[in-house]
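Only one structure is covered here, and it is reproduced in the block below.
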Amino acid sequence: MSRADTPGAETTAPTAPVRTPSLLWTFGLFRSELLTTFRRWRTIALLGVLAAVPILVGIAVRIETGDGSSMGGGPDGGGGGGGGPAFIAQITNNGLFLVFTALAATLPFFLPMAVGVIAGDAIAGEANAGTLRYLLVSPAGRTRLLLTKYATTMTFCLVATLVVAASALAVGALLFPLGDLTTISGTRISFAEGLLRALLIALAVAASLIGVAALGLFVSTLTNSGIAAMATTVGLLITVQILDQIPQLDALHPYFFSHYWLSFADLMREPVYWDDLQRNLGLQALYAVVFGSAAWARFTAKDITA
């Protein structure tokens, strides 16, 4: 008589093994998200618009200075941490300054808007398309999926920033001379060092978008409409920048995620001023932790029924 036939004997049903996502599987999910994001026509159109901004700025400066005149802007970089006028004034002397000018021109609106569109659509777009349930059926888990979405958004931040910088460098080389350049402080540095600083500035600009990416991802977990999430994120972005310009709210300005965005101009000083750059990175990290945690809390408790 077998044990199963013995009275009172307990039978144990076989249990299915629990599937634990491997590291390779996680990279596969991240790769899939990257391909999906960068193959969308919306993403390609956003990158195209960003690449067009340096072209328009370069052509405008070339036309403005075609008679041999120079554009305005003091040698000391006037305007505090902005640095935009000084960069524009230097473009005709060195096309590398078009990189700095293009980043200064796109950072207040174009770059954050593009990131807001990608981040806002990350979760809400999947929910609206009906694909979110299928993603959660896989062994990814909600936390892993949310981190993958955020990593994809941050990758877009870096790619978008580099697209602006590369476009500006190409246009600057075509329309203006290249060579040793003068920093905002008035010192001379080599063209190679200028390229290195341009790369550091591009990385600083990409890091400045960490807070917007986390905010957009949080908003994306609040709704099943991708359009609503994108519009809300861009609306919040515009509102914060308006509030950052109101003198009566001066005490709150250092806590707005956009307040230190243009501090990247300090990388073109000799020596480099690190204070505002560090404040900017710290503030972006704080926004990432706060809104990233809020997005996780909302997403892990969200009822996915459609």
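Going by UniProt numbering, the sequence shown opens with residue 1, and the numbers climb by one from there. All C-beta atoms, glycine included, are put in the ideal place defined by N, C-alpha and C. Everything numeric in this text was worked out from a predicted model, so none of it was measured.
Per-residue burial, residue i [other beta carbons within 10 Å of its own, 16 or more giving buried]
{"i": "residue 261", "result": "buried"}
{"i": "residue 208", "result": "buried"}
{"i": "residue 89", "result": "buried"}
{"i": "residue 201", "result": "buried"}
{"i": "residue 59", "result": "exposed"}
{"i": "residue 125", "result": "buried"}
{"i": "residue 263", "result": "buried"}
{"i": "residue 54", "result": "buried"}
{"i": "residue 301", "result": "exposed"}
{"i": "residue 63", "result": "exposed"}
{"i": "residue 160", "result": "buried"}
{"i": "residue 211", "result": "buried"}
{"i": "residue 232", "result": "buried"}
{"i": "residue 272", "result": "exposed"}
{"i": "residue 106", "result": "buried"}
{"i": "residue 250", "result": "exposed"}
Residue from the options with nearest C-alpha to residue i
{"i": "residue 213", "options": "106, 40, 111 and 153", "result": "153"}
{"i": "residue 163", "options": "280, 94 and 52", "result": "52"}
{"i": "residue 113", "options": "127, 123, 47 and 35", "result": "47"}
{"i": "residue 185", "options": "269, 42, 57 and 64", "result": "269"}
{"i": "residue 123", "options": "232, 35 and 219", "result": "219"}
{"i": "residue 117", "options": "249, 57, 44 and 103", "result": "44"}
{"i": "residue 146", "options": "281, 216 and 235", "result": "216"}
{"i": "residue 256", "options": "287, 247, 226 and 223", "result": "287"}
{"i": "residue 295", "options": "267, 142 and 172", "result": "142"}
{"i": "residue 183", "options": "91, 64, 62 and 297", "result": "91"}
{"i": "residue 87", "options": "32, 63, 224 and 168", "result": "168"}
{"i": "residue 289", "options": "106, 107 and 150", "result": "150"}
Assumed close pair residue i, residue j - CB separation to whole angstroms, cut-off 8 Å
{"i": "residue 204", "j": "residue 277", "result": "7 Å"}
{"i": "residue 340", "j": "residue 194", "result": "With the chain covering 1 to 306 only, the question about residue 340 has no answer from this structure."}
{"i": "residue 229", "j": "residue 120", "result": "4 Å"}
{"i": "residue 237", "j": "residue 148", "result": "Between residue 148 and residue 237 the Cβ distance is about 23 Å, and since that is not below 8 Å, they are no contact."}
{"i": "residue 221", "j": "residue 298", "result": "4 Å"}
{"i": "residue 99", "j": "residue 198", "result": "5 Å"}
{"i": "residue 32", "j": "residue 128", "result": "About 19 Å; that fails the 8 Å criterion."}
Enclosing alpha helix (DSSP H) for residue i [first to last residue]
{"i": "residue 292", "result": "275-301"}
{"i": "residue 105", "result": "97-106"}
{"i": "residue 43", "result": "41-64"}
Which whole runs of the alpha helix (DSSP H) in the region 127-199 are 4 residues long or more, in chain order?
-> 132-137 and 142-175
Mind pulling the alpha helix (DSSP H) runs of 4 or more residues that sit fully within the region 204-288?
-> 210-220 and 226-243
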